[in-house]
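2 protein chains.
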Amino acid sequence: MLTGTTRVEEETKQRVLAAIAATGYEPDQIAQSLVQQRSRTIALALLLGEGGFSLSGIGQSRFYFYLHILSEIERETAAAGYDLFLPSHPYSDFARYVSTLKTRRVDGMIMIAPYPFEERVRAMIKSNIPTLFVDAVGQGPRASYVMVDHIGGCRQAIQHLLALGHRRIAILTGEKDNDPASQRLLGYQLALAEAGVGMDEKLVLHAGFDRVEAYEAMVALLKAYCGEFTAIVAASDMMAIGALRALREQGIRVPEDVSVVGFDDIDLCPDIDPPLTTIRPDKEVLAQGAVRKLLDIIENNGPVAPSIASTQLVQRASTGPVLH
Amino acid sequence: MLTGTTRVEEETKQRVLAAIAATGYEPDQIAQSLVQQRSRTIALALLLGEGGFSLSGIGQSRFYFYLHILSEIERETAAAGYDLFLPSHPYSDFARYVSTLKTRRVDGMIMIAPYPFEERVRAMIKSNIPTLFVDAVGQGPRASYVMVDHIGGCRQAIQHLLALGHRRIAILTGEKDNDPASQRLLGYQLALAEAGVGMDEKLVLHAGFDRVEAYEAMVALLKAYCGEFTAIVAASDMMAIGALRALREQGIRVPEDVSVVGFDDIDLCPDIDPPLTTIRPDKEVLAQGAVRKLLDIIENNGPVAPSIASTQLVQRASTGPVLH
DNA sequence: CTGAAAGCGCTTACAG
DNA sequence: CTGAAAGCGCTTACAG
């Protein structure tokens, strides 16, 4: 009955279950894992810098957006009865990393990997451990991914600025070899092309997804081309915060002189000065999609289609019409 | 030899080890856990709101400070060869929560619990699972804690303001039933008493450790007693951000009209407008202390003394001398 | 010192 | 349908 192989009358079933509950019996998970060859555990990794651990960099502001994703992931995995696991080996030692996953009988893996670690993404796919990537393109017989609609999101940002009359729009995006960053750049190009607005290469900046790097890039841009743009789109809210600092230091008013749009809609946005207009990705869809697809792979053992989470514009005070 | 019970010649040992490595053999952790009655795993929990999960609330700004602690904890546990584990049962269902820890053979637990969940802290201690609390007083035969020096830190903040000539100093602290919050209030009272400065009850505000609540408290304070204080100490940098927003909206200049001090020294501080003077707790000591003490309890099975992490003042642009 | 056996706490395939 | 046995992959206490 307990294993569900037998049909028992509902009342009897309840009484037996009650009796078991009264005893306080809980099956030993370890013994269960050994015999079932699975642990009902999902591993979590934030692929950030070189040689990092699962949680390393979690306190860096560039990662702030993913924190909400993490708690959503936890909620979803909990609902499905899985515990979460964080391997302590750094994934720079990938062989041992995967070996830990296997000898611990981890059922699957969610890997948040917005970074250009193609080798590791590939190695993970090759390991044949069911894996779901967040913000990294990774597909295989037992691997799939969910991704924010970086292209569409950035396009919405540009369209918003175009509607306000802006034509000289700078973009502050991430590293060149980074998927989200290059996709956002694509959205920028797309939206400008659609509107028949020419693109100016010198208004395209690459920086780390980082407040400090964004600040520095902005300082450099202002030094070289101040006055040659009326708006800037940042690849993340944290980058926008860095950019705003540079603008503030130069005495440039936002949004009167320059409009600023962020990306992510982190909870700080309303408290930024000025409150930040931004693009909000659908976090619930992203996190739920990741977990459900992963469970699908684990339980049905088949390939699963990737999905893209949509975005929406959240308008606050950092953007305004062009003033002549 | 492998278990270390036999003495073998070094050279032979190396050759055997090399042969094993060549085979790629890794002992099955699950089988090992079953027979050794331990999993070399440490559970992690962030005790935040009611009925939360291990990671719930991790994306709330009020928790930002602890993120750095988390990655430090991971580094330390990894060095000691432990993997991290996040039970999926909410600790609101505490019996099952503890049961998961036991049936998974978790070796110990690190619980970040700045909140007033005395019952849960007590229940955790009673479970007899080795536990180390961060920012919660919890002691037992197999439990201890590490805590930021909230009293001393807040005292440093006040002393800094006193040295700048401030006498009318408001404090924006956390909930009344919260250990860190009440300790910071104590530091405030201490420092004022030491300087012979009288305390004004109406300048003592309690709010959640939260940007929004801090903002609202500040709005209320300004409405009632604007002009009656020249400085304010917030219980966290995020609360300071909320307070700054309220000041900005009222056209009150920082630091010319009001000086502001935060607490935590999160990485956003230099990017805040104005860059925030704050109190920095020694995060490394906090995290290392937590892990090492926990391992001490696990391995030596004895009680361990708690410890307090010191703080230091980090001066930036949000504080200045009183202007008459 | 070495090697075979017992046992960790379960599940599952199988004999009765 | 029920119950006893085998087995998951290790470690460890024990007989040789």
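If you read the sequences in order, they're chains C and Y.
Under our numbering, the first residue of the first sequence is numbered 1, with each subsequent residue one higher.
Under our numbering, the first residue of the second sequence is numbered 325, with each subsequent residue one higher.
Yeah, the Cβ is synthetic: ideal placement off N, Cα and C, and Gly gets one too.
Given a length threshold of 4 residues, each whole run of the alpha helix (DSSP H) inside the segment 256 to 322 of chain C is given here in chain order: 283 to 300. In the DSSP assignment, the residues bridged to Phe409/Y are Phe85/C and Ala367/Y. As computed with DSSP, Tyr145/C is found in a beta bridge with Phe133/C.
Beta bridge pairing from DSSP links Gly464/Y with Ala467/Y. Tyr390/Y counts as buried, since at least 16 other C-beta atoms from the protein chains shown sit within 10 angstroms of its C-beta. Two segments are said to touch when three or more pairs of C-beta atoms, one from each, lie closer than 8 Å; by this definition the segment 365 to 383 of chain Y touches the segment 419 to 431 of chain Y. Taking all protein chains in view, the Cβ of Ser380/Y is crowded by 16 or more other Cβ atoms within 10 Å, so the residue is classified as buried. For the C-beta of Ser236/C, not a single chain Y residue is nearer than 7 Å; the gap to the nearest is close to 13 Å. Across the set Leu509/Y, Glu350/Y and Tyr349/Y, the C-alpha of Leu509/Y shows the shortest separation from the C-alpha of Asp524/Y. Around the beta carbon of Gly462/Y, 16 or more other beta carbons sit within 10 angstroms, so the residue counts as buried. Beta-bridge pairing by DSSP links Val233/C to Ile171/C and Val261/C. Taking C-beta atoms under 8 Å as the contact rule, Tyr91/C and Ala45/C qualify, at a distance of about 7 Å. Boundaries of the beta strand (DSSP E) around Met435/Y: Gly432 to Ile436. Two segments are said to touch when three or more pairs of C-beta atoms, one from each, lie closer than 8 Å; by this definition the segment 542 to 562 of chain Y touches the segment 574 to 592 of chain Y. Distance from the CA atom of His413/Y to the CA atom of Arg640/Y, rounded to whole angstroms, is 43 Å. Here Ala191/C is not near Ile241/C, since their CB atoms are 8 Å or more apart. Per DSSP, the unbroken beta strand (DSSP E) holding Val528/Y starts and ends at Val528 to His530.
The beta carbon of Thr173/C does not come within 8 Å of any beta carbon belonging to chain Y, so the residue lies off that interface.
For Gln574/Y, the CB contacts under 6 Å within the same chain, skipping 5 residues up- and downstream, are Leu546 in chain order. Listed along the chain, the chain Y residues whose CB falls inside 8 Å of the CB of Ser61/C are Asp591 and Leu592.
At a Cβ-Cβ threshold of 8 Å, Ala290/C and Val98/C do not count as neighbours.
In the structure shown, Ala517/Y adopts helical secondary structure according to DSSP, grouped into three states. Under a criterion of Cβ atoms nearer than 7 Å, the residues of chain Y adjacent to Asp273/C are, in order, Arg572 and Asp597. Straight through space, the alpha carbons of Ile475/Y and Tyr512/Y are spaced by roughly 8 Å. Separation of the CB atoms of Leu456/Y and Lys617/Y is rounded to 5 Å, and the pair is thereby assigned contact status at 8 Å. Residue range His474 to Ala487 is occupied by the alpha helix (DSSP H) that includes His474/Y.
Here Cys154/C is buried. Its C-beta has 16 or more other C-beta atoms within 10 Å. The Cβ atoms of Pro281/C and Ser318/C do not sit closer than 8 Å to each other. Out of Val204/C, Val212/C, Leu84/C and Arg248/C, the CA that lies nearest to the CA of Ser61/C is found in Val212/C. When only Cα atoms are considered, Arg569/Y and Ile272/C end up about 8 Å apart. Pairing Thr497/Y with Ala487/Y gives a Cβ-Cβ distance that is not under 8 Å. Chain Y places no beta carbon closer than 8 Å to that of Asp177/C, leaving this residue out of the contacts.
Between Asp581/Y and Glu552/Y, the alpha-carbon positions lie close to 11 Å from each other.
Against chain C, the CB of Ile354/Y has a partner CB under 8 Å away; the residue lies at that interface. Contact check for Leu84/C against Glu74/C passes: the beta carbons are separated by less than 8 Å.
Here the alpha carbon of Pro270/C sits roughly 11 Å from the alpha carbon of Tyr539/Y.
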